[in-house]
Ligand code: HEM
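Residue numbers (mature numbering (1 follows the signal peptide of the UniProt record, and there is no 0)): -18 to -1, 1 to 356.
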């Protein structure tokens, strides 16, 4: 049979099975919310279904090297490129460290964030799977670094799915309740100018980063009646303040001592472009350091996890332990609620990905959860 004829027949399967709305299902769209019959109808359209895959090996050279190099030129986003709320991943795609279109495997993300930014292997794997298990496609092993959008005429999911990994009080993107939760917002970015001027001598120092983080949280408390700031978002939002300080600074030292310039910050957050002559940090930004920096910011800012009950009415949740074990537990619970009754290859892939996710924590004191049995 000619390949074209075969493709035409495959495209007809969802119609034959009674699910015309699932024709042209994008390979990177999450399968959450689909019945086993619907999963079968969409799976028949996928070119390849590798299912869960093992983690890639870590990179071997973690020294500081020039990453804005001739092999990785910046190319402005094309109309078909998917971009989302993460300036780190957007930059890696715009420079070709990730597939430029923005449809990626977890393995590609884990390798690219090490190569481009020297994010530590274990932490990178944890972060990547935190998003993949809720927003990725467990059968095709693909995800989109972009927003929820339309691909091939079909709605599709991205890492901006609100309340999964993406959440409120972002530094440069609006709360979903207030506006666009994945596009750069200059007004929000201006809080960096304000904090750098107030406490950083015009630079984004550690103190300026903490002040900026606090300004953005207080802004959400003041304007978003549905502001939600519990773990995992609580830890994620504060950890991300450490990210730009540790990884957007040219040739950053192991001790994270150098401040970030406002121009370089805007290059990443706004344009998704490495500054000219950018060297990645020296030494990986790995779990122990990430925890240290994150909890230092937590102490400096003095905020606790909680939710708004109407604007300017922030209610702290004393039950939230603010730990990475709890972060993991919440993401597993969310995955189980998104996939209440998976069957066959899908169930197998989710179980394997949850196992990988637990291993990325690298902390045997964290309790492991098995929503689909051991
Ligand atoms: C390892 C895989 C990664 C995943 C899955 C990921 C995912 C995300 C997501 C979903 C957000 C949106 C959170 C929100 O604001 O609601 C985000 C924000 C952010 N990410 Fe990433 N990210 C990754 C790696 C990185 C890297 C390597 C960097 C820096 C080098 C980075 C820097 C940031 C920063 C600074 C923000 C905050 C943006 C803002 O608040 O405006 N991320 N990331």
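Ideal Cβ positions, reconstructed from N, Cα and C, are used throughout, including at glycine.
_If you reduce the DSSP assignment to three classes, tell me which class residue 267 lands in._
For the purposes of this step, residue 267 is taken as the residue at position 285 of the chain shown. Note: residue 267 maps to strand in three-state DSSP.
*Cβ of residue 227 within 8 Å of Cβ of residue 238?*
Position 245 of the chain shown, counted from the start, is the residue given in the question as residue 227. Position 256 of the chain shown, counted from the start, is the residue given in the question as residue 238. Yes, these two residues count as a Cβ contact at 8 Å.
*Using 10 angstroms around the beta-carbon of residue 331, count the other beta-carbons present and answer buried if the total reaches 16, otherwise exposed.*
As a working note, residue 331 is residue 349 in the chain shown. Residue 331 is buried by the Cβ-count criterion.
_Sequence ranges, beta strand (DSSP E) only - wholly within the region 120 to 166, length at least 3_ = Correct list: 131 to 133, 136 to 138.
*For residue 285, the three-state DSSP class (helix, strand or coil)*: Working through the chain shown from its first residue, we reach residue 285 at position 303. Coil.
*Is it buried or exposed for residue 94, if we count other Cβ within 10 angstroms and need 16 for buried?*
Counted from its first residue, the chain shown places residue 94 at position 112. That one is buried.
_Sufficient close CB pairs (3 or more, under 8 Å) joining the region 272 to 280 to the region 62 to 81_ = In this structure the region 272 to 280 does not touch the region 62 to 81; the number of beta carbon pairs closer than 8 Å is below three.
_Does the beta-carbon of residue 95, which I'm using as the reference point, lie nearer than 7 Å to any heavy atom of the ligand HEM?_
As a first step, residue 95 must be located in the chain shown, where it is residue number 113. In this structure, residue 95 has its beta carbon less than 7 Å from a heavy atom of the ligand HEM.
*Is it true that the CB of residue 36 sits closer than 8 Å to the CB of residue 142?*
For the purposes of this step, residue 142 is identified with residue 160 of the chain shown, where counting begins at 1. For the purposes of this step, residue 36 is identified with residue 54 of the chain shown, where counting begins at 1. Against a cut-off of 8 Å, the Cβ pair of residue 36 and residue 142 comes out as no contact.
*asked:* Suppose the cutoff is 8 Å on Cβ atoms and the five residues either side in sequence are ignored; what does the same chain contact list for residue 159 look like?
replied: Locating residue 159 in the chain shown gives position 177, where the first residue counts as 1. 150, 206, 207, 208, 209, listed in sequence order.
*Could you check where the beta strand (DSSP E) with residue 296 kicks off and where it finishes?*
For the purposes of this step, residue 296 is identified with residue 314 of the chain shown, where counting begins at 1. Residue 296 -> beta strand (DSSP E) spans 296 to 298.
*Is the beta carbon of residue 141 within less than 7 Å of some heavy atom of the ligand HEM?*
For this step, residue 141 is matched to residue 159 along the chain shown. For the ligand HEM, at least one heavy atom lies less than 7 Å from the Cβ of residue 141.
*N- and C-terminal bounds of the alpha helix (DSSP H) containing residue 357*: As displayed, the chain neither begins before -18 nor continues past 356, which places residue 357 out of reach and without an answer.
_Any non-hydrogen atom of the ligand HEM closer than 7 Å to residue 154 Cβ_ = Counted from its first residue, the chain shown places residue 154 at position 172. Flag set: Cβ of residue 154 near the ligand HEM.
*Who are the Cβ neighbours of residue 194 in its own chain at under 6 Å, not counting the five residues just before and after it?*
One-based indexing of the chain shown puts residue 194 at position 212. Excluding residues within five positions, the ones whose Cβ falls inside 6 Å are 173, 174, 177.
_Is residue 229 close to the ligand HEM? I mean its beta-carbon at under 7 Å from any heavy atom of the ligand._
For this step, residue 229 is matched to residue 247 along the chain shown. Yes, the ligand HEM has a heavy atom inside 7 Å of this Cβ.
*Just the C-alpha distance for residue 19 and residue 352, rounded to the nearest angstrom, thanks.*
Counting from 1 along the chain shown, the entry for residue 19 is found at position 37. Counting from 1 along the chain shown, the entry for residue 352 is found at position 370. Straight-line Cα distance between these residues: approximately 24 Å.
_Beta-carbon spacing of residue 313, residue 112 below 8 Å_ = Taking the first residue of the chain shown as 1, we reach residue 313 at position 331. Taking the first residue of the chain shown as 1, we reach residue 112 at position 130. Yes, these two residues count as a Cβ contact at 8 Å.
*Return the bridge partner residues of residue 321 from the DSSP annotation.*
Residue numbering aside, residue 321 sits at position 339 when the chain shown is read from its first letter. In the DSSP secondary-structure assignment, residue 321 is not bridged to any residue.
*Going by CA-CA distance only, name the one from 260, 306, 265 that's closest to residue 52.*
To locate residue 52, count along the chain shown from 1; it is residue 70. If we check each option's Cα against that of residue 52, 260 comes out closest.
*Please state whether DSSP places residue 261 in a helix, a strand or coil.*
Counting from one through the chain shown, the residue named residue 261 turns up at place 279. Correct three-state label for residue 261: strand.
*Residue nearest to residue 1 in terms of C-alpha spacing, selected from -14, 17, 257*: Taking the first residue of the chain shown as position 1, residue 1 is located at position 19. When only C-alpha atoms are compared, the closest one is 17.
*Between the C-alpha atoms of residue 188 and residue 284, what's the straight-line distance to the nearest angstrom?*
Mapped onto the chain shown, residue 188 falls at position 206. Mapped onto the chain shown, residue 284 falls at position 302. Using only the alpha carbons, I get a separation of about 15 Å.
*Measure from the alpha carbon of residue 80 to the alpha carbon of each residue in 281, 54, 103, then state which is nearest.*
Here residue 80 is taken as the residue at index 98 of the chain shown, counted from 1. The shortest C-alpha separation from residue 80 is found at 54.
*Can you tell me which of 165, 168, 124, 118 puts its alpha carbon nearest to the alpha carbon of residue 147?*
Along the chain shown, one-based indexing puts residue 147 at 165. Taking the Cα of residue 147 as reference, the smallest distance to any Cα among 165, 168, 124, 118 is reached at 118.
*Top-ranked residue by Cα proximity to residue 180, from 168, 318, 166, 197*: Within the chain shown, residue 180 is the residue found at index 198, counting from 1. The candidate whose alpha carbon is nearest that of residue 180 is 197.
*Which word fits residue 222, buried or exposed, when buried means at least 16 other C-beta atoms lie within 10 angstroms of its C-beta?*
As a working mapping, residue 222 is identified with position 240 in the chain shown. The Cβ neighbour count for residue 222, taken over all protein chains shown within 10 Å, is at least 16; the residue is labelled buried.
*Just list the alpha helix (DSSP H) runs in the region 210 to 258, keeping only unbroken ones of 4 residues or longer that don't cross its boundaries, in chain order.*
215 to 229, 244 to 248
*Would you list the one or two residues that DSSP bridges to residue 48?*
Counting from 1 along the chain shown, the entry for residue 48 is found at position 66. In the DSSP secondary-structure assignment, residue 48 is bridged to 261.
*According to the neighbour-count rule (16 or more other Cβ atoms, all chains shown, within 10 Å of its Cβ), is residue 32 buried or exposed?*
Residue mapping note: residue 32 aligns to position 50 of the chain shown, counting from 1. It counts as exposed.
*Quick one: residues in its chain with C-beta nearer than 7 Å to the C-beta of residue 135, no 5 flanking neighbours on either side, listed in chain order?*
Position 153 of the chain shown, counted from the start, is the residue given in the question as residue 135. Closer than 7 Å at the Cβ level, and outside the excluded window around residue 135, lie 6.
*When the Cα atoms are used, what is the spatial distance from residue 122 to residue 294?*
For the purposes of this step, residue 122 is identified with residue 140 of the chain shown, where counting begins at 1. For the purposes of this step, residue 294 is identified with residue 312 of the chain shown, where counting begins at 1. Distance between the alpha carbons of residue 122 and residue 294 is about 43 Å.
*Measure the alpha-carbon distance for residue 39 versus residue 316 and round it to whole angstroms.*
The sequence position of residue 39 within the chain shown is 57, counting from 1. The sequence position of residue 316 within the chain shown is 334, counting from 1. Computed Cα separation, rounded: 28 Å.
*asked:* Once DSSP output is grouped into helix, strand and coil, what is the label at residue 290?
replied: Sequence index remark: in the chain shown, residue 290 carries index 308 (1-based). Strand.
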